[in-house]
Amino acid sequence: MDEIHRGLVKKYHTLCTVLGLDDEAKHAILASWGVESSRDLTQHQLIDICAKLSEQVDEKQGTARLDKLRKQVIAAIGGWLRETKQQSNISIIKGIAMRASGYNDFNKIPRERLRNLIATFNNKVKDARAVDALTDALLMQKLTAGKEIDPTLN
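For the sequence shown, our numbering gives the first residue as 419, with consecutive numbering after it.
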């Protein structure tokens, strides 16, 4: 057994422990692959099993939802940067998120702060669009009517 195979076997057992699987559950997994020991699995089989177990760990620990929220923050800030016609790349976006949240690591921003950032930047985009539409409408009214228009009457 080479070093990579040994590492995958170790990862398999670690993931099983994190999920709280007992010996019976581990044997059921191995039996479904037609082997009696995790050492009998090929590297490809171990990679497949570990990927599935990792997904379960992510769901159990809630990190899958955090990744989704992080992607939504990136999209919200990116949308705001595009709306305001500013330069946009992942470094700038993460920098804005970290500065706005007060955290030094993008991946350390907690769930609630991520939600706040999403709402804030999405609202900034909506507000900017609403203001642009209002000012365009007022300008058109002024140009067509030739007089001052009260914006509160719209």
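Cβ atoms here follow ideal geometry from the backbone N, Cα and C, with glycine treated the same way. The model shown is predicted, which means the values in this text are computed figures rather than measured ones.
Go to residue i, then tell me how far its alpha helix (DSSP H) extends in each direction, as first and last residue.
| i | result |
| --- | --- |
| LEU552 | 529 to 563 |
| SER472 | 461 to 479 |
| LYS512 | 508 to 519 |
Decide if residue i is buried, meaning its Cβ has at least 16 other Cβ atoms within 10 Å, or exposed.
| i | result |
| --- | --- |
| ARG533 | exposed |
| LEU491 | Checking the sequence shown, residue 491 turns out to be Val, not Leu. By the 10 Å Cβ count, VAL491 comes out buried. |
| ARG488 | buried |
| ALA515 | buried |
| LEU557 | exposed |
| LEU561 | exposed |
Could you have a look at residue i and say whether DSSP puts it in helix, strand or coil?
| i | result |
| --- | --- |
| VAL453 | coil |
| THR420 | According to the sequence displayed, residue 420 carries Asp and not Thr. Coil, per DSSP. |
| GLY497 | helix |
| GLY425 | helix |
| GLN490 | helix |
| LYS503 | coil |
| LEU439 | coil |
| ASN525 | helix |
Residue i and residue j: beta carbons closer than 8 Å?
| i | j | result |
| --- | --- | --- |
| LEU394 | LEU464 | No answer is possible for residue 394: the residues shown for the chain start at 419 and end at 572. |
| LEU459 | LEU433 | no |
| VAL453 | GLY497 | no |
| ASN522 | ALA494 | no |
| GLN474 | LEU499 | no |
Considering only C-alpha positions, which residue in the set the options is nearest to residue i?
| i | options | result |
| --- | --- | --- |
| ALA518 | ARG529, ARG500, THR538 and ILE467 | THR538 |
| HIS423 | GLY452, CYS468, ALA494 and ALA555 | CYS468 |
| ASP485 | PRO528, ASN541 and THR553 | PRO528 |
| LYS428 | ILE536, THR562, ASP441 and SER456 | SER456 |
| LYS478 | ALA546, LYS444, GLU442 and THR435 | THR435 |
| ASP466 | ASP441, ARG483, TYR430 and HIS445 | TYR430 |
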